[in-house]
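Undergrad: For reference, each letter of the sequence shown is one residue, going -18 to 93 in the working numbering.
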Amino acid sequence: MTETNLVGHKPAPEYPENSPEAIVKQSLRNVKDPEIGLDVIQLGLIREIELGKDEPEIKMMLTTPFCPYGGWLIQQVRDIAEQVVGKKIKVTVLPDLWDPNYMEDPGLLMGW
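#1: Unbroken beta strand (DSSP E) runs of length 3 or more, entirely within the segment 20 to 50: which are they?
#2: In three-state terms, what does DSSP make of GLU(-16)?
#3: Specify the secondary structure class of LYS6 as computed by DSSP and reduced to three states.
#4: What's the C-alpha gap between LEU90 and TRP79?
#5: Pull up the CB-CB distance for ASP14 and LEU54, whole angstroms please, since I reckon it's below 8 Å.
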């Protein structure tokens, strides 16, 4: 059974320490949303990192469907992940609507 939080959101997966996925996830903390000032991991935008496939892929979402920095965020995620892994990474933007309950700590948005 898949764990969900109070509003039905599936948490982003945890990866074994020092695994390639965990290293990529940690590196993606350098990608900050320029409007909010929090990184893509804190915001819960990175939903899955799959490196063991023929075509490695990162699945992510944006804070809004028409996020003005969406293209920039996607490119930053791709660039950093490819630097870490050393090969091309497909970045897929999920159609899911984001809300603060996806965040590591939704309290970080208090007063924003």
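For glycine and all other residues, C-beta sits at the position ideal for the given N, C-alpha and C.
TA: Let's see:
#1: The qualifying runs are 27 to 31 and 38 to 41.
#2: Locating residue -16 in the sequence shown gives position 3, counting from the first residue. At GLU(-16) the pLDDT is 49, less than 50, meaning the model places this residue with poor confidence; the figure from the coordinates comes in the next sentence. Here DSSP, grouped into helix, strand and coil, assigns GLU(-16) to coil.
#3: Taking the first residue of the sequence shown as 1, we reach residue 6 at position 25. It is helical.
#4: For the purposes of this step, residue 90 is taken as the residue at position 109 of the sequence shown. For the purposes of this step, residue 79 is taken as the residue at position 98 of the sequence shown. Rounded to whole angstroms, LEU90 and TRP79 show a C-alpha spacing of 14 Å.
#5: Taking the sequence shown and counting its residues from 1, the one referred to as residue 14 is at position 33. Taking the sequence shown and counting its residues from 1, the one referred to as residue 54 is at position 73. Contact annotation, ASP14 with LEU54: C-beta distance approximately 7 Å; criterion of less than 8 Å satisfied.
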